[in-house]
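Engineer:
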Amino acid sequence: MAMTRTLRHPDGKLRLRRVEWGDLVRVDFMAWLEDGSLFDSSLYNEPLEFIAGEESVMPGINHLVIGMTVGESRTQLLPPDLAFGLYRSDLCYRVKRRWLKSYHIVPAIGLEVAILKKDRTVMHMIVTELDREQVTLDANHKLAGKNIMVQLDLLEINAPTDREIPGTILGEPRN
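Position 159 (the sequence shown) corresponds to 159 in this note's numbering; numbering is contiguous.
What follows is the structure, given as structure tokens:
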């Protein structure tokens, strides 16, 4: 259940317009894990700007922002399927160690590797296991399978424009 509190807009007026799908919104945000560790916040970055309903943010962020008014704050625990996705074992790959060596990559636990796929897209993976012959690469987001607590403070609601919207929530889009 989302917690909601309504604040006055900086100009002192209450705003009645509520966010709808397709609105351009600007929010301050904080995101942390269930253990309380903060892993991203607009306190360290610019406020987040996105079009409500588009895939540039986690699905849970879209659901949370809909219906908000300027000055309102909401906090909610997002389950994995509304955050960075469920952990998928089919995104773990065992490859021969010599295959990585052919690309001048020396595998080590925790090493991030970017692989160019046949369709010319890049898949980011992390080395999670290795032995003398093989290496396990994990393509899941590092926060896949985790519950994420998010707080949004709505700063602005605008009609969308034709310009490109910069940024994505928490540094990168979901795969």
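C-beta atoms are modelled at their ideal positions from N, C-alpha and C, and glycine is treated no differently.
Keeping to the same chain, check which residues put their C-beta closer than 8 Å to that of residue 92; ignore five residues upstream and five downstream.
Structural biologist: Residues of the same chain with a CB within less than 8 Å of the CB of residue 92, apart from the 5 flanking positions on each side, are 128, 136, 137, 138, 139 and 140 in chain order.
Engineer: From which residue to which residue does the beta strand (DSSP E) around residue 32 run?
Structural biologist: 24 to 33
Engineer: Tell me residue 177's beta-bridge partners as DSSP assigns them.
Structural biologist: Here the chain covers residues 1 to 175 and nothing more, so residue 177 does not appear.
Engineer: Hey, could you find the ends of the beta strand (DSSP E) residue 96 is sitting in?
Structural biologist: If you look at residue 96, you'll find it in the beta strand (DSSP E) that goes 92 to 96.
Engineer: Taking its Cβ as the centre, do 16 or more other Cβ atoms sit within 10 Å of residue 60, making it buried, or is it exposed?
Structural biologist: buried
Engineer: Could you have a look at residue 86 and say whether DSSP puts it in helix, strand or coil?
Structural biologist: coil
Engineer: Cutting at 8 Å between CB atoms, please list the residues of its own chain near residue 20, excluding the five before and the five after it.
Structural biologist: 52 and 66
Engineer: By Cβ distance, which residues of its chain are closer than 7 Å to residue 113, with the 5 residues on each side in sequence left out?
Structural biologist: 105, 125, 127 and 137
Engineer: For the beta strand (DSSP E) containing residue 106, list its first residue and its last residue.
Structural biologist: Premise fails: residue 106 is in no beta strand (DSSP E) and is neither H nor E.
Engineer: How about residue 156 and residue 95: are their beta carbons less than 8 Å apart?
Structural biologist: No. Outside cutoff.
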